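Undergrad: Numbered by the numbering used here, the letters in the sequence shown go through residues 8 to 405 in order.
Each residue gets a CB set at the ideal place from its N, CA and C atoms; glycine is no exception.
All of these numbers come straight from a predicted model, not from anything done at the bench.
Sending over a structure as structure tokens; questions will come in a sec.
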Amino acid sequence: WWEHVSPAPKDPITGVTEAFLADTNPNKINLGVGAYRDDQGKPVVLQCVRNAEAKIAACEFLESNAAAVGSKLVEESAKLAYGTQAHVVKEGRVAGLQALSGTGACRLFAELQRRFYPGSPIYLPDPTWSNHHNIWRDAQVPERSFRYYNPITKGLDFAALMDDVKTAPDGSFFLFHPCAHNPTGVDPTEEQWREISYQFKVKNHFPFFDMAYQGFATGDLDMDAQAIRIFLEDGHLIGCAQSFAKNMGLYGHRVGCLSVLCADEKQAVAVKSQLQQIARSMYSNPPVHGILLVSTILNDPQTKALWVKEVKVMANRIQLMRATLRERLEDLGSPLDWENITNQVGMFCFSGLTPDQVDRLVREFHIYMTRDGRISIAGVTTSNVSYLASAIHEVTKY
Ligand code: LMR
């Protein structure tokens with residue numbers, strides 16, 4: 008039956024973790040996967056999550072409440088994305104569904120897109136999170152790319168991006184990372200978002216935002232949703248995937264939300280019912296414990312305030328490590344310009360290291376990252392940053 012099946016290629020991100028785990032060198036560093044670690048290199052369970060766990064354990068939760076908890080999660084997630092006072096939420100124009108983290112939310116949207124706009128492609132930024140390609144491919148949505156990153160400036164290629172937005176056929180679907188772009192750490196400025204939004208009106212494009220890192224770009228949840236708020240203000244109907252994996256440290260719980268803004272409540276009811284049908288055939292219902300955790304945190308003002316503080320702490324540690332890594336490289340007399348380490352934002356730095364240099368880092372220094380040179384700054388600590396800087400200097404100095 009399966010003779011014709013050959014092994015699938017390794018995933019460029021999870022494959023790095025596998026190689027790291029197999030390495031027995033004590034100095035090894037994992038800068039592959041975008042998962043937050045503290046300054047001791049340890050995964051973190053946020054205090055707000057511990058508090059929520061205690062609250063949940065103390066009250067009787069009936070399985071039959073799952074739907075109500077899911078609706079609460081959607082409502083609170085929508086406020087995080089669109090703002091607490093957003094009229095779209097009050098008017099019942101958000102078709103929202105709890106999803107299996109950001110990946111699940113993207114997949115639900117991709118399925119919705121294929122179902123109601125068959126043949127219409129998704130425009131993905133070049134580069135983008137590698138899994139976006141898998142998700143839309145498996146949903147059988149054709150893929151196009153739009154220019155985003157300029158390797159020379161290690162910043163945004165805004166002119167090229169606008170050019171591609173203008174030349175795409177009217178009414179195209181575009182995916183954006185509203186903050187902390189993965190893998191480049193390069194985001195448009197407020198002014199640039201306004202121009203993009205304006206052009207989207209002209210072209211009647213549909214913006215889909217994948218917001219996996221809300222809070223990690225600036226340390227402020229509202230600031231990080233600025234792009235979405237700009238599009239909202241301009242009256243766009245938009246889609247948004249949200250993940251609580253990173254900003255609540257709930258990696259294994261798979262909690263997320265997909266929301267699709269509609270013109271009126273009737274449309275929202277219809278779209279939501281379609282999303283429910285799509286989810287039903289794929290996994291029926293999402294696991295409920297993570298949803299309970301997130302909705303407990305978002306619904307309790309004290310626990311929410313604690314969460315907001317803890318997000319800041321994570322974002323600040325990453326910013327400090329960016330500054331330290333750049334400083335160490337400069338102290339070593341590196342002939343290269345490392346400004347991009349501190350100019351880029353969020354969990355990742357698109358270092359500019361070539362695949363060969365990355366391979367040398369693995370072979371000679373046991374430092375692991377994706378071959379596109381993306382460094383997960385979350386894996387950098389006070390104790391490994393000097394070792395990392397010397398290794399990077401060593402492979403880039405000639
Ligand atoms: C990453 O880009 O490293 C994260 O989004 C984790 C993942 O699953 O790819």
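Hey, could you find the ends of the alpha helix (DSSP H) residue 151 is sitting in?
TA: Start at 1 with the first residue of the sequence shown, and residue 151 comes out as number 144. No alpha helix (DSSP H) holds residue 151; the beta strand (DSSP E) holding it covers 150-154.
Undergrad: Look at the alpha carbon of residue 108 and the alpha carbon of residue 405, and state the distance between them as a whole number of angstroms.
TA: Stepping through the sequence shown from its first residue, residue 108 is reached at position 101. Stepping through the sequence shown from its first residue, residue 405 is reached at position 398. Taking the straight line joining both Cα atoms gives about 43 angstroms.
Undergrad: Would you say the beta carbon of residue 219 comes nearer than 7 angstroms to a heavy atom of ligand 1?
TA: Translated into positions along the sequence shown, residue 219 becomes position 212. Indeed, a heavy atom of ligand 1 lies less than 7 angstroms from the Cβ.
Undergrad: Any heavy atom of ligand 1 inside 7 angstroms of the beta-carbon of residue 262?
TA: On the sequence shown, position 255 is the one that residue 262 refers to. False, no ligand heavy atom lies under 7 angstroms from that Cβ.
Undergrad: On the DSSP letters alone, give me the boundaries of the beta strand (DSSP E) that residue 101 sits inside.
TA: One-based indexing of the sequence shown puts residue 101 at position 94. For residue 101, the enclosing beta strand (DSSP E) stretches over residues 101-106.
Undergrad: Between the beta-carbon of residue 41 and the beta-carbon of residue 355, is there less than 8 angstroms?
TA: By 1-based counting over the sequence shown, the position of residue 41 is 34. By 1-based counting over the sequence shown, the position of residue 355 is 348. Their beta carbons are under 8 angstroms apart, which means residue 41 touches residue 355 by this criterion.
Undergrad: Should residue 337 be counted as a contact of ligand 3 given a C-beta to heavy atom distance under 7 angstroms?
TA: You won't find ligand 3 in this model; what it holds is ligand 1.
Undergrad: Hey, is the region 51-66 in contact with the region 296-310, meaning 3+ C-beta pairs nearer than 8 angstroms?
TA: yes
Undergrad: Which residues does DSSP list as the beta-bridge partners of residue 250?
TA: Against the sequence shown, residue 250 aligns to sequence position 243. Paired residue(s): 263.
Undergrad: In chain order, what residues of the same chain have a beta carbon less than 7 angstroms from the beta carbon of residue 382, not counting five sequence neighbours either side?
TA: On the sequence shown, residue 382 is found 375 positions in, with the first residue counted as 1. Cβ within range, chain order: 38, 355, 356, 358 and 376.
Undergrad: Are the beta-carbon atoms of residue 142 and residue 185 separated by less than 8 angstroms?
TA: Indexing the sequence shown from 1 puts residue 142 at position 135. Indexing the sequence shown from 1 puts residue 185 at position 178. Cβ distance not < 8 angstroms, so residue 142 and residue 185 don't count as in contact.
Undergrad: State the beta-bridge partners of residue 131 as determined by DSSP.
TA: Position 124 of the sequence shown, counted from the first residue, corresponds to residue 131. 152, per the DSSP bridge assignment.
Undergrad: Taking Cβ to Cβ, would you say residue 233 is nearer than 8 angstroms to residue 84?
TA: Taking the sequence shown and counting its residues from 1, one reaches residue 233 at position 226. Taking the sequence shown and counting its residues from 1, one reaches residue 84 at position 77. Not in contact: residue 233 and residue 84 (Cβ atoms no closer than 8 angstroms).
Undergrad: Is residue 148 near ligand 1, in the sense that its beta carbon is under 7 angstroms from a heavy atom of that ligand?
TA: Residue mapping note: residue 148 aligns to position 141 of the sequence shown, counting from 1. Because no heavy atom of ligand 1 lies under 7 angstroms away, the Cβ of residue 148 does not count as near it: no.
Undergrad: Run through the DSSP bridge pairs and tell me what residue 375 is partnered with.
TA: Mapped onto the sequence shown, residue 375 falls at position 368. Within the DSSP bridge table, the entry for residue 375 names 37 as partners.
Undergrad: How is the beta strand (DSSP E) around residue 214 delimited, first residue to last?
TA: Locating residue 214 in the sequence shown gives position 207, counting from the first residue. Here the beta strand (DSSP E) through residue 214 covers 213-218.
Undergrad: Tell me whether the region 333-351 and the region 108-122 touch, counting them as touching only if at least three CB pairs, one residue from each stretch, are closer than 8 angstroms.
TA: No contact exists between the region 333-351 and the region 108-122.
Undergrad: Tell me the rounded alpha-carbon separation between residue 406 and residue 101.
TA: Because the chain spans 8 through 405 in this model, residue 406 falls outside it and cannot be assessed.
Undergrad: What is the DSSP secondary structure of residue 162, counted as helix, strand or coil?
TA: The residue given as residue 162 occupies position 155 in the sequence shown. Note: residue 162 maps to strand in three-state DSSP.
Undergrad: Suppose only complete runs of 4+ residues qualify. What are the alpha helix (DSSP H) ranges in the region 309-361, listed by chain order?
TA: 346-350
Undergrad: So, for residue 73: in the same chain, excluding its five sequence neighbours on each side, which residues have a beta-carbon less than 6 angstroms away from its beta-carbon?
TA: Position 66 of the sequence shown, counting from 1, holds the residue named residue 73. Around residue 73: 295.
Undergrad: Alpha carbon to alpha carbon, how far is residue 45 from residue 395?
TA: Position 38 of the sequence shown, counted from the first residue, corresponds to residue 45. Position 388 of the sequence shown, counted from the first residue, corresponds to residue 395. Between residue 45 and residue 395, the C-alpha separation is close to 17 angstroms.
Undergrad: Tell me the DSSP bridge mates of residue 157?
TA: Locating residue 157 in the sequence shown gives position 150, counting from the first residue. 162, per the DSSP bridge assignment.
Undergrad: Just mark residue 12 as buried or exposed, buried being the case when its beta carbon has 16 or more other beta carbons within 10 Å.
TA: Within the sequence shown, numbered from 1, the residue matching residue 12 stands at position 5. Under a 10 Å Cβ-count criterion, residue 12 is classified as exposed, with fewer than 16 other Cβ atoms of the shown protein chains found around its own Cβ.
Undergrad: Alpha carbon to alpha carbon, how far is residue 392 from residue 260? Give it in angstroms, no decimals.
TA: Translated into positions along the sequence shown, residue 260 becomes position 253. Translated into positions along the sequence shown, residue 392 becomes position 385. Rounded to the nearest angstrom, the two C-alpha atoms are 30 angstroms apart.
Undergrad: Could you check the C-alpha separation between residue 238 and residue 388 for me, to the nearest Å?
TA: By one-based count along the sequence shown, residue 238 stands at place 231. By one-based count along the sequence shown, residue 388 stands at place 381. Near 37 angstroms, if we compare the C-alpha coordinates of residue 388 and residue 238.
Undergrad: Return the residue from the list 190, 193 and 224 that minimises the CA-CA distance to residue 322.
TA: As a position in the sequence shown, residue 322 is number 315, starting the count at 1. Closest option to residue 322, Cα to Cα, is 224.
Undergrad: Quick one: is residue 136 buried, meaning 16 or more other Cβ sit within 10 Å of its Cβ, or exposed?
TA: For the purposes of this step, residue 136 is identified with residue 129 of the sequence shown, where counting begins at 1. That one is buried.
Undergrad: Can you find a heavy atom of ligand 1 that lies under 7 angstroms from the Cβ of residue 222?
TA: Walking along the sequence shown from the start, residue 222 turns up at place 215. In this structure, residue 222 has its beta carbon at no less than 7 angstroms from each heavy atom of ligand 1.
Undergrad: Can you determine whether any heavy atom of ligand 1 sits closer than 7 angstroms to the C-beta of residue 325, and answer yes or no?
TA: As a first step, residue 325 must be located in the sequence shown, where it is residue number 318. No, since every heavy atom of ligand 1 falls outside the 7 angstroms radius drawn around the Cβ of residue 325.
Undergrad: Please tell me whether residue 192 and residue 352 are closer than 8 angstroms, where the distance is taken between their beta carbons.
TA: Translated into positions along the sequence shown, residue 192 becomes position 185. Translated into positions along the sequence shown, residue 352 becomes position 345. Taking C-beta atoms as the reference points, residue 192 and residue 352 count as a pair closer than 8 angstroms.
Undergrad: Could you say which of 212, 300 and 145 lies nearest to residue 176 if we only look at CA atoms?
TA: In the sequence shown, residue 176 corresponds to position 169, counting from 1. The candidate whose alpha carbon is nearest that of residue 176 is 212.
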